[in-house]
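Colleague: The structure is given below, and queries will be raised subsequently.
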Amino acid sequence: MNIFLFEDNQEDIDRLKTTICGNYDLIVANTIEDSLEMINNVSFDIAILDIFIDGMPKGINLANSINALIPKKPIIFLTSSMDRTVFECAKYTEPSSYLIKPFNPLELQYAIELAFEEFTRQPAAFATTNGVILQDYIFVKSDKIISKVNIKEVIYVETDANYCNLVTADQKYLIKVSLQKLLDQTLKPLFIQVHRSYVVNIDMIEHIYLQDNLVIMENGEKITLSHRFKSQILKTMNLFK
Amino acid sequence: MYSFILFGIEKQAIVRIDQELKKQCYHCSASTTFYNDKDTYHGLHIAFSSNNIDRAFALCNELLRRNIIKKPEAKFWLYTIKGRILKEKKLYPLAIKAISKAIEIGHANEILYVKESYATQGQLYYELKEFHKAVTVLEQWRSVHNKNDINWNVNLHNLGICYLHLKSYAKASESLQESLAINQKRGDTLNMAKSAMDIGNLYYVQYLDSIAIPYFKKGLEYAKKAKDLKTLRNAYLNMAIVEENRKRFKKALEYRKEAEKVKDSIWNRDKIWQLAEKDKELTVRLNEEKLAKERLKRHGAFVITFFSLAGIVLVLFLGIKLRKKNRKITFQKKKVDALNTTKDKLLTILSHDLKTPVYFLSNKLLALSTKDSKEQRYLDKEIQACYSIASNTSLLIENTLQWALNNRNKLLFKLTVIHLETMIDQVLYYFKPVIALKKLNLNIQIPEFCTVTGDNNTLKIIFRNIFDNAVKYTPEERAITITAKEDNESILLIIENPVLDKKTSSNVSGPFNSTGLGHQLCKEFAIKNGGVFEVFETSSYIQISLSLRKSHQDEYISV
Numbered sequence: 001m002n003i004f005l006f007e008d009n010q011e012d013i014d015r016l017k018t019t020i021c022g023n024y025d026l027i028v029a030n031t032i033e034d035s036l037e038m039i040n041n042v043s044f045d046i047a048i049l050d051i052f053i054d055g056m057p058k059g060i061n062l063a064n065s066i067n068a069l070i071p072k073k074p075i076i077f078l079t080s081s082m083d084r085t086v087f088e089c090a091k092y093t094e095p096s097s098y099l100i101k102p103f104n105p106l107e108l109q110y111a112i113e114l115a116f117e118e119f120t121r122q123p124a125a126f127a128t129t130n131g132v133i134l135q136d137y138i139f140v141k142s143d144k145i146i147s148k149v150n151i152k153e154v155i156y157v158e159t160d161a162n163y164c165n166l167v168t169a170d171q172k173y174l175i176k177v178s179l180q181k182l183l184d185q186t187l188k189p190l191f192i193q194v195h196r197s198y199v200v201n202i203d204m205i206e207h208i209y210l211q212d213n214l215v216i217m218e219n220g221e222k223i224t225l226s227h228r229f230k231s232q233i234l235k236t237m238n239l240f241k
Numbered sequence: 242m243y244s245f246i247l248f249g250i251e252k253q254a255i256v257r258i259d260q261e262l263k264k265q266c267y268h269c270s271a272s273t274t275f276y277n278d279k280d281t282y283h284g285l286h287i288a289f290s291s292n293n294i295d296r297a298f299a300l301c302n303e304l305l306r307r308n309i310i311k312k313p314e315a316k317f318w319l320y321t322i323k324g325r326i327l328k329e330k331k332l333y334p335l336a337i338k339a340i341s342k343a344i345e346i347g348h349a350n351e352i353l354y355v356k357e358s359y360a361t362q363g364q365l366y367y368e369l370k371e372f373h374k375a376v377t378v379l380e381q382w383r384s385v386h387n388k389n390d391i392n393w394n395v396n397l398h399n400l401g402i403c404y405l406h407l408k409s410y411a412k413a414s415e416s417l418q419e420s421l422a423i424n425q426k427r428g429d430t431l432n433m434a435k436s437a438m439d440i441g442n443l444y445y446v447q448y449l450d451s452i453a454i455p456y457f458k459k460g461l462e463y464a465k466k467a468k469d470l471k472t473l474r475n476a477y478l479n480m481a482i483v484e485e486n487r488k489r490f491k492k493a494l495e496y497r498k499e500a501e502k503v504k505d506s507i508w509n510r511d512k513i514w515q516l517a518e519k520d521k522e523l524t525v526r527l528n529e530e531k532l533a534k535e536r537l538k539r540h541g542a543f544v545i546t547f548f549s550l551a552g553i554v555l556v557l558f559l560g561i562k563l564r565k566k567n568r569k570i571t572f573q574k575k576k577v578d579a580l581n582t583t584k585d586k587l588l589t590i591l592s593h594d595l596k597t598p599v600y601f602l603s604n605k606l607l608a609l610s611t612k613d614s615k616e617q618r619y620l621d622k623e624i625q626a627c628y629s630i631a632s633n634t635s636l637l638i639e640n641t642l643q644w645a646l647n648n649r650n651k652l653l654f655k656l657t658v659i660h661l662e663t664m665i666d667q668v669l670y671y672f673k674p675v676i677a678l679k680k681l682n683l684n685i686q687i688p689e690f691c692t693v694t695g696d697n698n699t700l701k702i703i704f705r706n707i708f709d710n711a712v713k714y715t716p717e718e719r720a721i722t723i724t725a726k727e728d729n730e731s732i733l734l735i736i737e738n739p740v741l742d743k744k745t746s747s748n749v750s751g752p753f754n755s756t757g758l759g760h761q762l763c764k765e766f767a768i769k770n771g772g773v774f775e776v777f778e779t780s781s782y783i784q785i786s787l788s789l790r791k792s793h794q795d796e797y798i799s800v
């Protein structure tokens, strides 16, 4: 996941860098000019903006520019002040959360989580489901780190009761959500259910062995094809026989 | 010989003229408007009715000269007035001219009042002693007369007198007798007296004394009743002359004396009248002066009273205002003094509390930098000590800042849904080094999906103070227990930790940092978040309970 940071104080930048300790990719801009250029050219998932740069509330101006982007991005305001007047000013840019200096890694993490939850209007989503589900991406929290999972990179999804395991080429992500909900919210129409417990990425299918009731994925995984879903697959996939 | 008594301008006639004039005035009656120069006309009749005949004459002349009044009736009245005024001024020839013109217009337009003009003209000729002309005119009047005319008796009388002057006694007798008869009929004693005396004169000049004398006597009687002094005097004089001629001098003298008496009373009356008038004038003037003085006095008094009252009210008002202001200022001063005292006290305690750790810290750092033996274990220990001092002090400063912001109502406060365990983890992160150093155990029992509604910032302050206190007073290698209990509306968080024996643990001001600021903040912020903060202490442990509002997130936890 990429974080865009607007901050001019090198100490604070270093501190943030150590705090995220390589869990996220950090894109740093020191001036408002750089920032305005970067937000249009660099891909990022969340913006952390210091409100006061050179004693001016430049962070608020930048927030307005970020809000004009399509798609919108969540914003976290970074400030050392707890004075309400500052927040009153910042309020109108509808930031997703605030981070107050000094902060520890947990607080940063929480601010990021909160920002995603606020931004997607899924309150306490990380606490309850371990993830925030978007149209093309799922932000999954695992081991106190939020990972951005691109739906297209998921090979298949395995479900067990209320948990779903998103399997990519190199990792597995656990998310506390029902398979049906996941299918409805994001997976369709890229994915297809092949078994009560499996949903596979259509683009990632290598072979389908109809007689053996097996689906071989690109990474070589063998997934069972159940009778119940076989006819459906044949219908929707319109295969050559 | 005191024989001829001529009647002057009659009151009724004047009233009549006045009415007629008014009738044709635009100002006084909206019905007719046959003149253009309304103001002049109005002025004329006003002047006439207020007896200002000079002005009336001038206006009348102006109207006639400019010939702006075309209506014959109005013109008739103008000439009539002119004649009347000229007659009053005794300019008889001119008066006759005006009246003749009036008669001419009156005849041509059949104006009823014209016959009165004949009477007037007759009087004028009489005054000029042109008795023939007078008789002609009065005979003319008689030819058009009406027995009910007000002045009939008078004119008949005048006609009779004119005949008397012309020595046509028969005709004179006829007219005078008729006049007397009318007067008797009307009960007009004054004119009866005049008529009787004139008839007496008529017979007397014919030397018919036996017929004349009873008439004179009758005239005297009537005159006595009429109470007209001039007529009475004439009656007495007539009687005196008659008696004198009869050589009854004594009687004649008596009548003369009576006449003198009457004359005196006339003079007296005039004099008294004059005096009374003067007196009245004087009194009026005096009264007016007095009134003016009084008015001035009263005015002055009123003005003085008004101003003094206004002054009093102003002074009272200002006084009240001033007192109010003073009271307000006193109140504010007290408040400011109290606040200032609090501030000073706080600053003293703060600096005192800061002084010790900073002094301690600088000493330790000095020792570290000057110490020759840089033994690793010693260094580690000292650095740990420095860290704990610094972190404690930073909490104190943090608390102060929060307190100040909260007092100024400038503290960030935004209610959100907070995952309790996550927040506690975040706060405990700060205490990880000390916990590790003191080898403390943490026993956390919080349900997984436990969320509260509260403000992130203030809740963190509460937790920091609670944990700071717990970590500080828990003996080494002991456990701190954090449990959360849920019910429908709230979450009760209990933090419990053992303490060393009371004797050793209780420093000057008990748990929480010495200013008591942390404790105070926790209480205030708990209330702000809709909860309650309570501390329960025994000799062996401290229990802190914090109730918080439960957030209803069921709809989100539907996985």
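Protein sequences appear in the order of chains D and C. First residue of the first sequence? That's 1 in the working numbering, and the numbers climb one at a time after it. First residue of the second sequence? That's 242 in the working numbering, and the numbers climb one at a time after it. Idealized CB from N, CA, C, for every residue including glycine.
Taking the C-alpha atoms as reference points, what is the distance between Pro71/D and Ser35/D?
Modeller: Distance between the alpha carbons of Pro71/D and Ser35/D: 17 Å.
Colleague: Is any beta-carbon of chain D found at less than 9 Å from that of Gly695/C?
Modeller: Chain D contact via Cβ: absent.
Colleague: I'd like to check one pair, Val446/C with Leu470/C: are the Cβ atoms closer than 9 Å?
Modeller: Contact flag unset, no.
Colleague: Ile344/C and Ile294/C look like a contact to me (Cβ under 8 Å); what is the Cβ gap, rounded to whole Å?
Modeller: With 8 Å as the limit, Ile344/C and Ile294/C do not qualify as a contact, their Cβ atoms being about 21 Å apart.
Colleague: On the premise that Tyr496/C lies in contact with Ala517/C, defined as a C-beta separation below 8 Å, what is that separation, rounded to the nearest angstrom?
Modeller: About 30 Å; that fails the 8 Å criterion.
Colleague: Taking only runs of the alpha helix (DSSP H) that begin and end inside the stretch 682-770 of chain C, which ones reach a length of at least 4 residues, in chain order?
Modeller: Taking only runs of at least 4 residues, the alpha helix (DSSP H) segments lying wholly in the stretch 682-770 of chain C are 697-714, 743-746, 758-769.
Colleague: Of all the CB atoms in chain D, is at least one closer than 9 Å to the CB of Pro752/C?
Modeller: Low per-residue confidence applies at Pro752/C: pLDDT is 43, beneath 50, and the placement is therefore not dependable enough to give any value.
Colleague: Buried or exposed: Ile133/D, going by 16 or more other Cβ atoms within 10 Å of its Cβ?
Modeller: It is buried - the Cβ of Ile133/D has at least 16 other Cβ atoms within 10 Å.
Colleague: Does the distance from the C-beta atom of Tyr366/C to that of Ile322/C stay below 9 Å?
Modeller: No, the pair does not count as a contact, with Cβ atoms beyond the cut-off.
Colleague: In chain order, what residues of the stretch 655-673 of chain C put their CB closer than 7 Å to some CB of chain D?
Modeller: Flagged, chain order: Val658, His660, Thr663, Asp666, Gln667, Tyr670, Tyr671.
Colleague: Taking 9 Å as the threshold (beta carbon to beta carbon), is Ile100/D in contact with chain C?
Modeller: Yes, its Cβ sits closer than 9 Å to a Cβ of chain C.
Colleague: Out of Glu158/D, Leu69/D, Leu182/D, which has the shortest C-alpha to C-alpha gap to His195/D?
Modeller: Nearest option by C-alpha distance: Glu158/D.
Colleague: Work out the CA separation of Ile287/C and Gln260/C for me, nearest whole Å.
Modeller: Between Gln260/C and Ile287/C, the C-alpha separation is close to 11 Å.
Colleague: Would you list the residues sitting across from Tyr137/D in a DSSP beta bridge?
Modeller: For Tyr137/D, which the question treats as bridged, DSSP gives the partners Asn150/D.
Colleague: Among Glu113/D, Gln180/D, Glu218/D, Ile146/D, which one has its Cα closest to the Cα of Ala161/D?
Modeller: Checked all of Glu113/D, Gln180/D, Glu218/D, Ile146/D; the closest Cα to Ala161/D is Gln180/D.
Colleague: Give the range of the beta strand (DSSP E) segment to which Val28/D is assigned.
Modeller: Where Val28/D is concerned, the enclosing beta strand (DSSP E) stretches over 25-29.
Colleague: Which runs of the alpha helix (DSSP H) fall wholly inside the stretch 613-682 of chain C and span at least 4 residues, in chain order?
Modeller: You should have 617-648, 661-679.
Colleague: Hey, is the stretch 637-656 of chain C in contact with the stretch 104-115 of chain D, meaning 3+ C-beta pairs nearer than 8 Å?
Modeller: Too few Cβ pairs lie closer than 8 Å, so no.
Colleague: Give every residue of the same chain whose Cβ lies closer than 7 Å to the Cβ of Ala767/C, excluding the five residues on either side of it in the sequence, and list them in chain order.
Modeller: Here the set comprises Ile703, Val773, Phe774, Leu787.
Colleague: What does Leu646/C reach in chain D if we use C-beta pairs closer than 8 Å?
Modeller: Simply Met82, Asp83, Arg84.
Colleague: Assuming Met82/D and Ile53/D form a contact by the criterion Cβ under 8 Å, report the distance between their Cβ atoms to the nearest whole angstrom.
Modeller: Not a contact, Cβ separation roughly 19 Å.
Colleague: Using 8 Å as the cut-off, can you tell me whether the stretch 450-460 of chain C makes contact with the stretch 423-430 of chain C, which would need three or more C-beta pairs spanning the two stretches below that distance?
Modeller: The stretch 450-460 of chain C is not in contact with the stretch 423-430 of chain C.
Colleague: Note down the Cα distance separating Val525/C from Glu485/C, rounded to an integer number of angstroms.
Modeller: The alpha-carbon atoms of Val525/C and Glu485/C are separated by roughly 50 Å.
Colleague: Helix, strand or coil: how does DSSP classify Glu218/D here?
Modeller: Coil at Glu218/D, not helix or strand.
Colleague: Going by beta carbon distance, what residues of the same chain come within less than 7 Å of Leu789/C, once the five residues before and after it are set aside?
Modeller: Around Leu789/C: Val693, Gly695, Ser731, Ile732, Leu734, Asn770, Gly772.
Colleague: Taking CB distances under 9 Å as the criterion, tell me whether Phe690/C reaches chain D.
Modeller: It does; some Cβ of chain D falls within 9 Å.
Colleague: May I ask you to report which of helix, strand or coil DSSP gives Ala161/D?
Modeller: Note: Ala161/D maps to coil in three-state DSSP.
Colleague: Among Met433/C, Glu329/C, Lys534/C, Tyr359/C, which has the Cα closest to the Cα of Gly460/C?
Modeller: For Gly460/C, the nearest C-alpha among the options comes from Met433/C.
Colleague: Quick check on Phe191/D: does DSSP put it in helix, strand or coil?
Modeller: Residue state, collapsed to three classes: strand.
Colleague: Roughly how many whole angstroms lie between the Cα atoms of Glu522/C and Asp511/C?
Modeller: Approximately 16 Å between the Cα atoms of the pair.
Colleague: Quick one: is Glu7/D buried, meaning 16 or more other Cβ sit within 10 Å of its Cβ, or exposed?
Modeller: Per the 10 Å Cβ criterion, buried.
Colleague: List, in chain order, every chain D residue whose beta-carbon is nearer than 8 Å to that of Asn698/C.
Modeller: Those within 8 Å of Asn698/C in chain D are Met82, Ile100.
Colleague: Roughly how many angstroms lie between the CA atoms of Asn748/C and Pro716/C, to the nearest whole one?
Modeller: For Asn748/C, the predicted structure reports a pLDDT of 44, less than 50, and the residue's modelled location is therefore unreliable. The matter cannot be settled from this model.
Colleague: Measuring alpha carbon to alpha carbon, tell me which residue in Asp212/D, His227/D, Gln211/D, Ile205/D is nearest Asn219/D.
Modeller: Ranking the options by Cα distance to Asn219/D, first place goes to Ile205/D.
Colleague: Considering only DSSP beta bridges, list what Glu775/C is partnered with.
Modeller: According to DSSP, Glu775/C bridges with Ser786/C.
Colleague: Would you decide whether Val577/C is buried or exposed? Buried here means 16 or more other CB atoms lie within 10 Å of its CB.
Modeller: Looking at its Cβ environment, which holds fewer than 16 other Cβ atoms inside 10 Å, Val577/C is exposed.
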